[in-house]
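The listed protein sequences correspond, in order, to chains X and S.
The first sequence begins at 1 in this note's numbering and counts up by one.
The second sequence begins at 1001 in this note's numbering and counts up by one.
Inspection log for the structure reproduced underneath, given as structure tokens.
Number of protein chains: 2
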Amino acid sequence: MSVRALRYYEEQRLLPSDRSPGGQRHYPEQAVDRVRMIQQLYGAGLSSGTILYLLPCLSAGRTSPPMLDRLVTERDRIDRQINDLKGARDRLDGLITEATDVWPEWEVRRPA
Amino acid sequence: MSVRALRYYEEQRLLPSDRSPGGQRHYPEQAVDRVRMIQQLYGAGLSSGTILYLLPCLSAGRTSPPMLDRLVTERDRIDRQINDLKGARDRLDGLITEATDVWPEWEVRRPA
DNA sequence: CTTTCCTCTGACGTCAACGTCAGGTTTCAG
DNA sequence: CTGAAACCTGACGTTGACGTCAGAGGAAAG
């Protein structure tokens, strides 16, 4: 994590911070999980706005019907993205298998 | 597909085009599959440079050992990405289930 | 009190895959 | 032959999640 990222999350109102009298940020324990969640959702393609909108149900289980719609929309989008990725992976995998079959295993260096 | 995207692919040397005497682009049949492949790989997070590098093995099966390394690297990255996405999806799915279970449809009552 | 490190705010920079606009040229149906 | 639709090149604009820099100030050790 970079300091810049934390500031950015705060700017987006995703991560509140306590301040010392001098103005320095101080985070409660809970912030760690919050940050991990934010990273995960950014990584899954949700926008700042969407995460902000979903925060009440993400962190407090307060889910209204419109929020439920949004949750379902995002989940379905992620599912489609997973399927697209599987397609790409299978394409590469096919090439790898194909290229590997040509050379005997003991001649090829494979990471992992 | 936008025209702009095709021009961009050509700029990146991913998609050659025949030109009419007047300079207009004409694509062979094969180009359709090529474009679909490019889109799929962009969608999976590969850069123009990586796709360009892998083109010989992607479209002609000519895979050198360094290319094989790159293929494996990208495949593994995609696998990690799929797992990350599954994590995010499961989180949302949990919330959806939770929110749905709380108010079974047949129990919902509307306060006056 | 000083030193040294860490933090603050504010603002501009980055990168990639296109979108979009302007002004000119090619194509082809009628 | 002609006119409008489609295409051309070149160039700048967009977007989001930060990176990075400058200058100023707080935080604890000695």
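C-beta atoms are modelled at their ideal positions from N, C-alpha and C, and glycine is treated no differently.
Asked, Found
"Contact check, S:Q1012 vs S:S1048 under 8 Å by CB: the rounded distance?", "4 Å"
"If the criterion is Cβ atoms closer than 7 Å, does the pair S:A1099 and X:L68 meet it?", "yes"
"Mind pulling the chain X residues with CB within less than 8 Å of S:E1074?", "L92"
"Would you kindly check if the distance between the Cβ of X:A88 and the Cβ of S:Q1039 is under 7 Å?", "no"
"Determine the DSSP secondary structure at X:R62, reduced to helix, strand or coil.", "coil"
"Only counting the same chain, and skipping five residues up and downstream in sequence, which positions put a Cβ closer than 8 Å to that of S:D1076?", "none"
"When the cut-off is 7 Å and only beta carbons count, does S:S1005 lie next to chain X?", "The amino acid at residue 1005 of chain S is misidentified as Ser; the sequence shows Ala. Judged by the 7 Å Cβ criterion, S:A1005 is not in contact with chain X."
"So for X:R4, helix, strand or coil by DSSP?", "helix"
"With a threshold of 16 other CB atoms inside 10 Å of the CB of X:E74, please say whether the residue is buried or exposed.", "buried"
"Suppose you measure from the CA of S:I1082 to the CA of X:G43; what does that come to, to the nearest Å?", "11 Å"
"Using 7 Å as the limit for Cβ to Cβ distance, is X:L14 near chain S?", "no"
"With which residues is X:D18 paired in a DSSP beta bridge?", "X:H26"
"Compare the C-alpha of S:P1056 against each of S:Y1027, S:L1014, S:Y1009 and S:V1072 and name the closest.", "S:L1014"
"Considering only residues of the same chain and omitting the five flanking positions on each side of S:M1037, which have a CB-CB separation below 7 Å?", "L1058"
"Buried or exposed: where does S:R1062 fall if 16 or more other Cβ atoms within 10 Å of its Cβ makes it buried?", "exposed"
"Considering only the alpha carbon of each residue, which of X:S17, X:V72 and X:G22 lies closest to X:A31?", "X:S17"
"What's the gap between the Cα of X:R19 and the Cα of S:E1010?", "52 Å"
"What does the Cβ neighbour count give for S:R1034, buried or exposed, with the cut at 16 atoms within 10 Å?", "buried"
"Give the DSSP-derived three-state secondary structure of S:G1045 in the structure shown.", "coil"
"What distance in whole Å lies between the Cβ atoms of X:L85 and S:L1071, which are believed to be in contact at a cut-off of 8 Å?", "Not really, about 15 Å apart at Cβ, beyond 8 Å."
"List, in chain order, every chain S residue whose beta-carbon is nearer than 9 Å to that of X:I78.", "L1085, K1086, A1088, R1089 and L1092"
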